[in-house]
Amino acid sequence: MDTQNPLYVLPGDPIDHSLIPTPTHKKQPLRLGPGLRHIPPSEIVPTVAGKLIVNPQKNSMWVEYNSRRYTPAVNDLVLGQIQRSSADLYYVNLSPYTSNACLPTLSFEGATKKTRPNLNPGSLVYARVTLANKHMDAELECVSSTTGKAEGLGPITGGMVFDISLGFARRLLMAKSKDEGGLEVLELLGEEGLAFETAVGRNGKIWVGSESPRTIITVGRALKETDEGNLNLEEQKRLVKKLVKQMK
Numbered sequence: 067m068d069t070q071n072p073l074y075v076l077p078g079d080p081i082d083h084s085l086i087p088t089p090t091h092k093k094q095p096l097r098l099g100p101g102l103r104h105i106p107p108s109e110i111v112p113t114v115a116g117k118l119i120v121n122p123q124k125n126s127m128w129v130e131y132n133s134r135r136y137t138p139a140v141n142d143l144v145l146g147q148i149q150r151s152s153a154d155l156y157y158v159n160l161s162p163y164t165s166n167a168c169l170p171t172l173s174f175e176g177a178t179k180k181t182r183p184n185l186n187p188g189s190l191v192y193a194r195v196t197l198a199n200k201h202m203d204a205e206l207e208c209v210s211s212t213t214g215k216a217e218g219l220g221p222i223t224g225g226m227v228f229d230i231s232l233g234f235a236r237r238l239l240m241a242k243s244k245d246e247g248g249l250e251v252l253e254l255l256g257e258e259g260l261a262f263e264t265a266v267g268r269n270g271k272i273w274v275g276s277e278s279p280r281t282i283i284t285v286g287r288a289l290k291e292t293d294e295g296n297l298n299l300e301e302q303k304r305l306v307k308k309l310v311k312q313m314k
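In terms of our numbering, the sequence shown opens at residue 67 and continues consecutively.
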C-alpha cells in the first residue's frame, strides 16, 4: 500500500484482497489488530473508521483511529489501578469507560499463595491483557506465560501517571516509533541528559519515573503537548529544547 496515499476505511467496507499480506510461513499467520474483524472464510472488514495500516514484514494489519473509549484487546499492555481484591483476584480499573479487569493474585513472577504481592486499593500495575471478550470482563497477567518472568510487568511505585490519547499510546508502543509513528520526543529528552523511565499503557496512560520530580514533570509536559498539539518531528525538537532550557 502506498504510504504517501493512505487508505481510509469505514465500518463494513470490504477490504481488497490485494491489500492483505500473504503469510510467508505457516507458523506466522496473518495478525489482525484493532479495528478489523475476520468474517469466515476469508473476508476482513473494518469495525471502525480510520486509516488502514498494513505491515507485510509482520503479516499484520489494523485500523489506526483515535477513540476516547478504550476497548481491551488480547496482548495489549495496560496501566491499571487496583480497585479492590478478593481471595484470588484483584479488580483493576483500566479507564473510566470500561468495567474492571480481573488480575489473578498468582499472575506475578514467583507468586505463590504465601509469596503473592499484597496490593492495596490505589496501587498501580503494568499488565498484559490475556482475555478480551465483549461478554466477559477482561483478564490480565503480570508475568509471561511462556517464560514465567515478569519482563517489565508488575506493580509500579513512585513516579506519576499522565493521561494521553489512545492514538498517541499506540504510536509510542510501535517498535519504530520515529519512523512508523512520527514520534521521537522521548529519545530527544534522553539525549538532553534527562534520566527517566516510562511504561506506556495501550489504555491511554503513561507512567513516568525518575529520581528528579522536575524531570518527571518535564517529560510529562513534553508528552502532553506533543499529543495535544499533534507535533511533527521538527516541532518536537523545538519543544524539548524549550522545556529543557526552562529546567535550568
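Note that the Cβ used here is the ideal one computed from N, Cα and C, for glycine as well. Keep in mind it's a predicted model, so treat the numbers as computed, not measured.
Secondary structure of residue 83 (DSSP, three-state): helix.
By the Cβ rule, the segment 190 to 209 does not count as touching the segment 228 to 243, because fewer than three pairs are nearer than 8 Å. Under the three-state reduction of DSSP output, residue 195 falls in the strand class. Shown here, residue 124 sits in a helix according to DSSP, grouped into three states. Per DSSP, residue 226 is one residue of the beta strand (DSSP E) stretching across 226 to 229.
For residue 312, the enclosing alpha helix (DSSP H) stretches over residues 299 to 313. Residue environment: residue 312 is assigned as exposed (fewer than 16 neighbouring CB atoms within 10 Å of its CB, all protein chains considered). For residue 257, the three-state secondary structure derived from DSSP is helix. Per DSSP, residue 217 lies in no beta strand (DSSP E) and is assigned neither H nor E. Judged by beta-carbon spacing, residue 191 lies within the 8 Å limit of residue 221, meaning their Cβ atoms are closer than that value. Here residue 203 carries a strand assignment [DSSP, helix/strand/coil]. When C-beta atoms of the segment 169 to 188 are compared with those of the segment 133 to 144, fewer than three pairs fall below 8 Å, so the two segments do not count as touching. The beta-carbon distance between residue 87 and residue 125, rounded to whole angstroms, is 5 Å. This is short enough to meet the 8 Å contact definition. Classified as exposed, residue 150 has fewer than 16 neighbouring CB atoms from the shown chains inside 10 Å of its CB.
Taking C-beta separations shorter than 6 Å and ignoring five residues to either side along the sequence, the partners of residue 281 in its chain run 260 and 262, following chain order. Burial check for residue 173: the Cβ neighbour count within 10 Å reaches 16 or more, so the residue is buried. Bounds of the alpha helix (DSSP H) holding residue 237 are 232 to 239.
Setting aside the 5 residues that flank it on each side, residue 306 is surrounded in the same chain by 251, 254, 255, 258 and 288, each with a C-beta closer than 7 Å to its C-beta; the list follows chain order.
In the DSSP assignment, residue 288 falls within the unbroken alpha helix (DSSP H) covering 279 to 295. Cα atoms of residue 285 and residue 99: separation of roughly 29 Å, rounded to the nearest angstrom.
In this chain, the beta strand (DSSP E) harbouring residue 150 covers 143 to 151.
Per DSSP, the beta-bridge partners of residue 174 are 208.
In the DSSP assignment, the residues bridged to residue 103 are 111. In the structure shown, the three-state DSSP call for residue 118 is strand.
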